[in-house]
Amino acid sequence: MRLFIGGLAILIIGLGLGSFLSWVSVRDNQGFGALRVGPWLAWPYAGSAQADPYTTAKVAAEGNVPLGAAEGVVFIAETDTQNQPLQRQCRYRLNGKLPQARLWTLTAQDPKGAVVADRLGRPSVLVSSDVVWFEPRTLAVNIGEIHETGNWLAVDGTGPLQLVMRLYDSPVTSGAGISNIVLPEIRRVQCRG
Amino acid sequence: MQGLSRAIYILAVGIVLALVVHLVVVLAIPAFAERDAWQRLSATGETWEFQPVAAAGTGTGPLGPTDAHFGSIACRFDLSQDALVVRAEGQLPFWSASIFTNRGQNIYSFNDRTAVGGQLFLLVLSPIQMARLRADPPAEAEQAVVVEADMEEGFVIVRALQEDESWRERVSNFLQAASCERFQLPNASISGEPDLVIEDAD
Numbered sequence: 001m002r003l004f005i006g007g008l009a010i011l012i013i014g015l016g017l018g019s020f021l022s023w024v025s026v027r028d029n030q031g032f033g034a035l036r037v038g039p040w041l042a043w044p045y046a047g048s049a050q051a052d053p054y055t056t057a058k059v060a061a062e063g064n065v066p067l068g069a070a071e072g073v074v075f076i077a078e079t080d081t082q083n084q085p086l087q088r089q090c091r092y093r094l095n096g097k098l099p100q101a102r103l104w105t106l107t108a109q110d111p112k113g114a115v116v117a118d119r120l121g122r123p124s125v126l127v128s129s130d131v132v133w134f135e136p137r138t139l140a141v142n143i144g145e146i147h148e149t150g151n152w153l154a155v156d157g158t159g160p161l162q163l164v165m166r167l168y169d170s171p172v173t174s175g176a177g178i179s180n181i182v183l184p185e186i187r188r189v190q191c192r193g
Numbered sequence: 194m195q196g197l198s199r200a201i202y203i204l205a206v207g208i209v210l211a212l213v214v215h216l217v218v219v220l221a222i223p224a225f226a227e228r229d230a231w232q233r234l235s236a237t238g239e240t241w242e243f244q245p246v247a248a249a250g251t252g253t254g255p256l257g258p259t260d261a262h263f264g265s266i267a268c269r270f271d272l273s274q275d276a277l278v279v280r281a282e283g284q285l286p287f288w289s290a291s292i293f294t295n296r297g298q299n300i301y302s303f304n305d306r307t308a309v310g311g312q313l314f315l316l317v318l319s320p321i322q323m324a325r326l327r328a329d330p331p332a333e334a335e336q337a338v339v340v341e342a343d344m345e346e347g348f349v350i351v352r353a354l355q356e357d358e359s360w361r362e363r364v365s366n367f368l369q370a371a372s373c374e375r376f377q378l379p380n381a382s383i384s385g386e387p388d389l390v391i392e393d394a395d
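Residue numbers (the numbering used here), protein chains in the order written: chain U, 1 to 193; chain S, 194 to 395.
As structure tokens, this is what we get:
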């Protein structure tokens, strides 16, 4: 009887803890395959033969089709540069150098990956061809509900926010390497309420 | 005291088992995932046919979040049946194409700058089909991006940038007119057996 209880306890710990560890590590996947640049996270090898098992598992479980090396790379920020969670009710200023790329897009989305809308119901997206450059290669974007001069990513509503920066046709993924890149800072300006 | 050491023993063995379970689960997920990209595409479309993956402006689709500035389509193929030819007409500011195995592994990707004249014309062939192509290359193959892939089932995804609303029609025409078909190799033998003489000639 004692042997049975001991064996059962081992099984419960093993299967329970093992499954829990797998679920958390695959869902968050901020370990081996993740690249962190300030508040930005990327999984540059997702979908490739060099991908680590956690990244491969995450891609399969979520049914995503990652960008190939000649297509581009995706960076996601859930916090600002001060490590505070991004909020839709706050205004932010994104500022800094971007890696070389033929084009890029900046998207505001909720934690489920759905694009958030501005006050008029239009998707909160910005593409490089819309952007005004005040200094060469230095991007400055105001993010929030209030329109300001310069580049503006309109975001309305409340709740958690993610910023997604997608670089397309960039030497970062097609040769020059991704390890030493620089991405813009995200500074909180002010919050409502 | 005996009870305590027994509890520690059970905990230690449990943790070791947990690590083994963890490793097995993580490594097994890609093989057993029932909702990976391949399964989703299989549920919604035929082989050798493009199906929409995301319309520009939505940022979402059957394969999860996508870039809202892009429209994308995907097509499943099977090199054990035939080689693949993908074509699309029209010039756009940016498009890209990417080849994946049925396990979701990216074999090759390219964009309009890599393509001849900015036109999407792609051939995907198995090594045996490649040898047959090389033996007697048709003139049109010179215009194509030719990819040799040692795989059977897979899919190709084409993504096209829609910078703003003024591009909507051209982007949707580009994607709707794109074709994903079996490529007829020159002198294709009816049996489909590899021709050893031709293979040696390479």
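All C-beta atoms, glycine included, are put in the ideal place defined by N, C-alpha and C.
Predicted, not measured: the structure shown is a model, and the values here were computed from it.
Practice task
Give the range of the beta strand (DSSP E) segment to which E62(U) is assigned.
Solution key: On the first sequence, residue 62(U) is found 62 positions in, with the first residue counted as 1. Taken as a continuous stretch (DSSP letters only), E62(U) belongs to no beta strand (DSSP E), being part of the alpha helix (DSSP H) at P53 to E62.
Task: Anticipated Cβ contact below 8 Å, S124(U) with V116(U), distance rounded - done: As a working mapping, residue 124(U) is identified with position 124 in the first sequence. As a working mapping, residue 116(U) is identified with position 116 in the first sequence. In this structure S124(U) touches V116(U) by the C-beta definition: roughly 5 Å separates them, less than 8 Å.
Chain U beta carbons: is any one of them nearer than 9 Å to that of F303(S)? The residue given as residue 303(S) occupies position 110 in the second sequence. Taking Cβ atoms only, chain U reaches closer than 9 Å to F303(S), which makes this a yes.
inquiry  = Counting only C-beta atoms, is I266(S) closer than 9 Å to chain U at any point?
reply    = Walking along the second sequence from the start, residue 266(S) turns up at place 73. Output row for I266(S): interface = no.
**Prompt:** Between the segment 5–38 of chain U and chain S, which residues of the former have a C-beta closer than 8 Å to a C-beta of the latter?
**Reply:** For the segment 5–38 of chain U, which is checked against every Cβ of chain S, the residues closer than 8 Å are G6, A9, I10, L11, I12, I13, G14, L15, G16, L17, G18, S19, L21, S22, S25 and V26.
With 16 as the cutoff for other CB atoms within 10 Å, does A46(U) come out buried or exposed?
-> In the first sequence, the residue the question calls residue 46(U) occupies position 46. So A46(U) ends up on the buried side.
(request) Note down, in chain order, every chain U residue with its Cβ under 8 Å from the Cβ of N366(S). (result) Within the second sequence, residue 366(S) is the residue found at index 173, counting from 1. The contacting residues do not exist; N366(S) stays about 20 Å from chain U at best.
Inset, instruction - Put I391(S) into one of helix, strand or coil per three-state DSSP. - result: In the second sequence, residue 391(S) corresponds to position 198, counting from 1. With a pLDDT of 45 at I391(S), under the threshold of 50, the modelled position of that residue is not reliable, and the figure given next carries that caveat. Helix.
Notebook entry, point to check: Which class does I178(U) belong to by DSSP, given the choice of helix, strand or coil?
Noted result: Translated into the one-based positions of the first sequence, residue 178(U) becomes position 178. Shown here, I178(U) sits in coil according to DSSP, grouped into three states, outside any helix or strand.
Can you give me the Cβ contacts of P159(S) inside the same chain, cut-off strictly under 8 Å, excluding the 5 residues immediately before and after it?
The displayed coordinates of chain S run from 194 to 395. Any statement about residue 159(S) would go beyond what the structure contains.
| query | With 16 other CB atoms within 10 Å as the buried threshold, where does L389(S) fall? | reply | Here residue 389(S) refers to the residue found at position 196 when the second sequence is read from its first residue. At L389(S) the pLDDT is 47, less than 50, meaning the model places this residue with poor confidence and gives no usable figure here.
Check: From the beta carbon of P184(U), is the nearest beta carbon of chain S less than 9 Å away?
Finding: One-based indexing of the first sequence puts residue 184(U) at position 184. No, no contact with chain S.
**Asked** Taking all protein chains shown into account, do 16 or more other C-beta atoms lie within 10 angstroms of the C-beta of Y202(S), making it buried, or fewer, making it exposed?
**Response** Start at 1 with the first residue of the second sequence, and residue 202(S) comes out as number 9. Y202(S) comes out exposed.
Quickly, what does DSSP pair W108(U) with across the bridge? List them, please.
To locate residue 108(U), count along the first sequence from 1; it is residue 108. The amino acid at residue 108(U) is misidentified as Trp; the sequence shows Ala. DSSP lists L163(U) as the bridge partner or partners of A108(U).
- Task: Return the residue from the list S25(U), G18(U) and G113(U) that minimises the CA-CA distance to G254(S).
- Result: Counting from 1 along the second sequence, the entry for residue 254(S) is found at position 61. Closest by alpha carbon: G113(U).
Kindly say whether L103(U), judged by its beta-carbon, lies nearer than 9 Å to any beta-carbon of chain S. As a working mapping, residue 103(U) is identified with position 103 in the first sequence. Yes, its Cβ sits closer than 9 Å to a Cβ of chain S.
DSSP three-state call for D271(S): helix, strand or coil?
In the second sequence, the residue the question calls residue 271(S) occupies position 78. D271(S): strand per DSSP, three-state reduction.
Notebook entry, point to check: From Q336(S) to R280(S), what distance separates their C-alpha atoms?
Noted result: The residue given as residue 336(S) occupies position 143 in the second sequence. The residue given as residue 280(S) occupies position 87 in the second sequence. Their backbone Cα atoms lie some 11 Å apart in a straight line.
Here's the rule I'm using: 16 or more other beta-carbon atoms within 10 Å means buried, otherwise exposed. How should M400(S) be labelled?
Nothing can be reported for residue 400(S), as the shown portion of chain S is limited to 194 through 395.
So with Cβ pairs under 9 Å, would you call Q232(S) a contact of chain U? For this step, residue 232(S) is matched to residue 39 along the second sequence. Taking Cβ atoms only, chain U reaches closer than 9 Å to Q232(S), which makes this a yes.
For P136(U), the three-state DSSP class (helix, strand or coil): Residue mapping note: residue 136(U) aligns to position 136 of the first sequence, counting from 1. DSSP places P136(U) in coil when its eight states are reduced to three.
Less than 9 Å between CB atoms is the rule here; does N180(U) satisfy it with respect to chain S?
Residue 180(U) sits at position 180 when you count from the first residue of the first sequence. The Cβ of N180(U) sits no closer than 9 Å to any Cβ of chain S.
*By DSSP, does E346(S) sit in helix, in strand, or in coil?*
Working through the second sequence from its first residue, we reach residue 346(S) at position 153. Reduced to three states, the DSSP call for E346(S) is strand.
Next on the checklist: Check whether chain U comes within 9 Å of A394(S), counting only Cβ atoms and requiring the distance to be less than that.
Outcome noted: Numbered from 1 along the second sequence, position 201 holds the residue referred to as residue 394(S). Because the pLDDT at A394(S) is just 38, under 50, the model does not fix this residue reliably, and the value given afterwards should be weighed accordingly. Closer than 9 Å: no.
Practice prompt. Give the straight-line distance between the Cα atoms of G252(S) and N142(U), rounded to the nearest whole angstrom.
Written response: Translated into the one-based positions of the second sequence, residue 252(S) becomes position 59. Translated into the one-based positions of the first sequence, residue 142(U) becomes position 142. Each residue's alpha carbon lies about 21 Å from the other.
task = With a floor of 3 residues, list each beta strand (DSSP E) that falls wholly inside the segment 11–46 of chain U, ordered by position along the chain.
result = Listed in chain order, they are 35–37 and 40–42.
**Asked** Whose Cβ in chain U lies nearer than 8 Å to the Cβ of T253(S)?
**Response** On the second sequence, residue 253(S) is found 60 positions in, with the first residue counted as 1. The answer, in chain order, is G113, A114 and V115.
(Q) Strictly by DSSP, which residues pair up with V340(S)? (A) Here the question's residue 340(S) lines up with position 147 in the second sequence. Residue pairing from DSSP places V340(S) in a beta bridge opposite V317(S).
Legend entry - Whole runs of the beta strand (DSSP E) within the segment 351–382 of chain S, excluding any shorter than 3 residues: If one requires a minimum length of 3 residues, the beta strand (DSSP E) runs lying completely within the segment 351–382 of chain S are 372–376, in chain order.
_Under 8 Å, CB to CB, which of the residues in the segment 342–360 of chain S have a partner in chain U?_
For the segment 342–360 of chain S, the residues whose beta carbon sits under 8 Å from a beta carbon of chain U are, in order, I350, R352, L354, E356 and D357.
Any beta carbon of chain S sitting closer than 9 Å to that of R166(U)? If you number the first sequence from 1, residue 166(U) lands on position 166. Output row for R166(U): interface = yes.
Interface flag, L197(S) vs chain U, CB-CB below 9 Å: On the second sequence, residue 197(S) is found 4 positions in, with the first residue counted as 1. By this cut-off, L197(S) is not an interface position.
Please classify G385(S): does DSSP put it in a helix, a strand, or coil? As a first step, residue 385(S) is located in the second sequence; it is residue number 192 there, counting from the start. In this prediction, G385(S) has a pLDDT of 49, which is less than 50 and means its spatial position is unreliable; what the coordinates show is noted afterwards. Looking at G385(S) - three-state DSSP - the assignment turns out to be coil, as it is neither helix nor strand.
Counting contacts by CB-CB distance shorter than 9 Å, is Q109(U) in contact with chain S? The residue given as residue 109(U) occupies position 109 in the first sequence. Yes, its Cβ sits closer than 9 Å to a Cβ of chain S.
Original post:
What residues from chain U crowd round A247(S), counting only those whose CB sits closer than 8 Å?
Top reply: Position 54 of the second sequence, counting from 1, holds the residue named residue 247(S). In chain order: nothing, as chain U lies at least about 10 Å away.
Between the C-alpha atoms of P171(U) and L163(U), what's the straight-line distance to the nearest angstrom? Taking the first sequence and counting its residues from 1, one reaches residue 171(U) at position 171. Taking the first sequence and counting its residues from 1, one reaches residue 163(U) at position 163. Going by the C-alpha atoms only, they are around 22 Å apart.
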